[in-house]
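Residue numbers (UniProt numbering): 1 to 141.
Accompanying notes for the structure given below.
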Amino acid sequence: MRASFDRRVRRIGLTRSQWLVLSQLHRHPGISQSELAEMLEVERATAGRMIDRMERRAWLVRRPDPDDRRVNRLYLTAAAERVQAEMGRIAEALLDDAMACLDEGEREALTGMMERVKAQLLDLGARRAAAPAAERPAAAP
């Protein structure tokens with residue numbers, strides 16, 4: 001499904017890394033470059049290069065953090081918000097295509113089950129993060 005989405009957004013001039021950045025900044029306006037790098041699981045320098053390219057395309061702006069002048073906060077521009085909206089339409093069409101074999105009741109049931117699984121995973125992650133280090137399972141070798 002991701003490969004299909006990649007192909008569809010490529011038609012509007014987006015790479016995977018760009019749509020990931022747009023998505024994160026749309027969900028979390030005002031995050032720092034370091035926070036974005038952490039969310040994308042990339043090095044800060046890699047995130048910096050992506051940000052530079054997107055800034056040249058006028059898709060984002062950097063604004064100084066009012067509490068820490070060493071930090072820049074990242075915001076999407078109106079042009080990027082339009083691209084983000086188009087990405088949403090592409091994702092919705094892809095989801096409709098993927099679920100075309102299901103009737104409305106089946107779609108609702110599947111969506112409900114997936115929302116429950118997501119909530120369970122979020123709960124497990126929160127519990128794991130809250131557990132003292134000694135109680136956490138050891139990482140696999």
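Glycine is no exception: its CB is placed at the ideal position from the N, C-alpha and C atoms.
Looking at LEU36 and GLN84, is the spacing between their C-beta atoms short of 8 Å?
-> no
What number of angstroms, rounded off, separates the C-alpha of ARG89 from the C-alpha of LEU74?
-> So the alpha carbons of these two residues sit roughly 24 Å apart.
Should MET114 be labelled buried (16 or more other beta-carbon atoms within 10 Å of its own) or exposed?
-> exposed
At a Cβ threshold of 8 Å, is LEU14 touching chain B?
-> Absent from the structure: chain B. Only one protein chain is present.
Compute the beta-carbon to beta-carbon distance between GLN24 and LEU40, rounded to the nearest angstrom, for a pair I have assumed lies under 8 Å.
-> 7 Å
Inter-residue Cα distance where the pair is ARG7 and MET87 = 12 Å
Alpha carbon to alpha carbon, how far is ALA3 from residue 157? Give it in angstroms, no decimals.
-> Outside the displayed range of the chain (1 to 141) lies residue 157, so it cannot be described from this structure.
Are the CB atoms of LEU76 and PRO132 nearer to each other than 8 Å?
-> no
C-alpha gap between GLU43 and ARG49, whole angstroms = 10 Å
Under the rule that 16 or more other beta-carbon atoms within 10 Å means buried, what is VAL117, buried or exposed?
-> When all chains shown are included, VAL117 counts as exposed.
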